[in-house]
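One structure is given here, and the rest of the page talks about it.
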Amino acid sequence: MGKGGRLKGALGSYQAAAAKKAAEAKKAANAKAKANAPQMNEKAKRAAKRQRREREVAEAAARAEARNAKDKAAAARAGAAASTATAESSNAVLRKAIIPIKSDDTVLLLGEANFSFALALVKGRGHAGHLVCATSYDSEAQCYEKYPDGKENVDALREAGARVVFNVDAGALEKSKAIGKGRRWSRVIFNFPHCGSGMTDQNRNIRENQVMLLRSLRSVSNVLSDGPPEVEEKKKRKRKPQESDSESEAEDDFEGFDDDEDNMPKTKGYAPSSFTTPNRQGSFLITLLSQPPYSLWDVKGLATRPPPVCPGTREAQPRYTLKRSFEFVPAVWPGYAHRRTIGWREGLSKDDNEEIVGRIGKARTWEFVLREEAE
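If you want it as structure tokens, here you go:
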């Protein structure tokens, strides 16, 4: 073979080797690409899954926000409806509330604490001040010490012409010159009487307060006005299934009024030049909570079926007739703020009328008149 042949053979071998090497490189590249292809697909899948989760979370948040907005709107509508219902219910209670005092009544208040009820009668309801005598079992100094608002109320009462008397025992009115002799009072009111002794023995506590009520019933019988019984128009109503006999008695008469204070019936307008007792049968009104232990005192039984002799005396215990009983509604006495017998105690006592409103039992007034001998 010549030199040209050998060169041509060598070039062919080189080209063959290069072609083989290129084929192997291509094969290796294809294998690598094939090996990498699944890995890229897996990453894409994970990325897609993450995006889907993020989208689902965003959609769930949007739905939750929509639900919250809907719930808030529903709650607002329910709140407005509840407020309307509460207002309507409150107005209904106010419209049915009984105001047991007429414009010409001579009113004796027993056991006043901070004198806010007396002030509510004179200022809030416009009753003539000179027809009102408000009394307290405490001395004047004790009253102001126990009730921080007492002096302000007393000063306002005196300025309005009402009489304010201290150291008056509701069970011994005959000992108080300020009460006066004779049957001068057409309304005697004793709101939430309590001995306030702090006795823990319930039976002894009940007995002590029953004695206090019996003494008061005896004492008041001597100062109630004489005269013909009042004739009230009564509106018949059906008794509620859960209502007791005592709660339904004579609860039908009422002086109705609207919630608006300007529309409240006032006793103002009757201002005689002198103290004149109206010619009608007087009544004794006692207000208590209708729940234990107060309900265990049995104020109705003490008045209508009393023992023959008043405890601690030799005097006969008078007998009364229940004229009517009705719910005591603090809201109809503007400015009235109930206080406990023990006085105002920071951290223990409650403002306004929280101690008598929202309790298990409602505050209830029992109105009694003396029983005629022929009965």
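Each residue of the sequence shown is one higher than the one before, starting from 1 at the first, in the UniProt record's numbering. Glycine included, every Cβ here is placed at the ideal spot set by N, Cα and C.
By the C-beta density criterion, T200 is exposed, having fewer than 16 other C-beta atoms within 10 angstroms. In the three-state scheme derived from DSSP, where H, G and I count as helix and E and B as strand, A128 is classed as coil. With a contact defined as Cβ atoms closer than 8 Å, V165 and A156 miss out at about 16 Å. G282 places its beta carbon less than 8 Å from that of S186. Beta bridge pairing from DSSP links R183 with no other residue. Each of Q142, D104, G124 was checked against the Cα of A113, and the nearest Cα belongs to Q142.
Excluding sequence positions up to five before and after P278, its CB lies within less than 8 Å of the CB of K102, D104, D105, T106, S186, S225, G227, all in the same chain and listed in chain order. In the DSSP assignment, C143 forms no beta bridge with any residue.
Per DSSP, the continuous beta strand (DSSP E) segment holding A363 begins and ends at 363-370. Classified as exposed, S274 has fewer than 16 neighbouring CB atoms from the shown chains inside 10 Å of its CB. Counting along the chain, the unbroken alpha helix (DSSP H) around K300 starts and ends at 299-304. When secondary structure is reduced to three states using DSSP, A316 falls in the strand class.
If you ignore the 5 residues before and after C195, its C-beta comes within less than 7 Å of the C-beta of E208, N209, M212, all in its own chain and listed in chain order.
In the DSSP assignment, E327 is bridged to R364. Per DSSP, the beta-bridge partners of T287 are N191, T365.
Comparing alpha-carbon positions, the option among V132, P293, F192, A48 lying closest to N203 turns out to be P293. Cβ neighbours of V309 within its own chain (closer than 8 Å, five residues either side excluded): E315, A316, Q317.
Contact annotation, P100 with L285: C-beta distance approximately 6 Å; criterion of less than 8 Å satisfied. Burial state of L296 is exposed, judged by a 10 Å Cβ sphere holding fewer than 16 other Cβ atoms. The straight-line gap separating the alpha-carbon atoms of A48 and V57 is approximately 14 Å. Using a Cβ distance threshold of 8 Å, L109 and L217 do not count as a contacting pair. With a 10 Å radius around the Cβ and a threshold of 16 neighbouring Cβ atoms, D138 comes out buried. In the DSSP assignment, L119 falls within the unbroken alpha helix (DSSP H) covering 116-119. Residue burial annotation: S116 is buried, with at least 16 other C-beta atoms found within 10 angstroms of its C-beta.
In this structure, E174 is the residue among F190, N191, E174 with its C-alpha nearest to the C-alpha of R183. In this structure, K300 sits away from E367, with a CB-CB distance that is not shorter than 8 Å. Residue burial is scored here from C-beta neighbours: G150 has at least 16 other C-beta atoms within 10 angstroms and is therefore classed as buried. Judged by beta-carbon spacing, V357 lies beyond the 8 Å limit of P229, meaning their Cβ atoms are not closer than that value.
For V165, the enclosing beta strand (DSSP E) covers residues 163-165.
For V107, the uninterrupted beta strand (DSSP E) segment begins and ends at 107-110. Check the Cα spacing between T313 and each of D298, F190, A172: the tightest is with A172. With a threshold of 16 other beta carbon atoms within 10 Å, P307 falls short and is exposed. DSSP places V211 within a helical segment (H, G or I) once states are collapsed to three. Secondary structure of A113 (DSSP, three-state): coil. Distances from the CA of R125 to each of P330, R53, N167, I360 were compared; the closest alpha carbon is that of P330.
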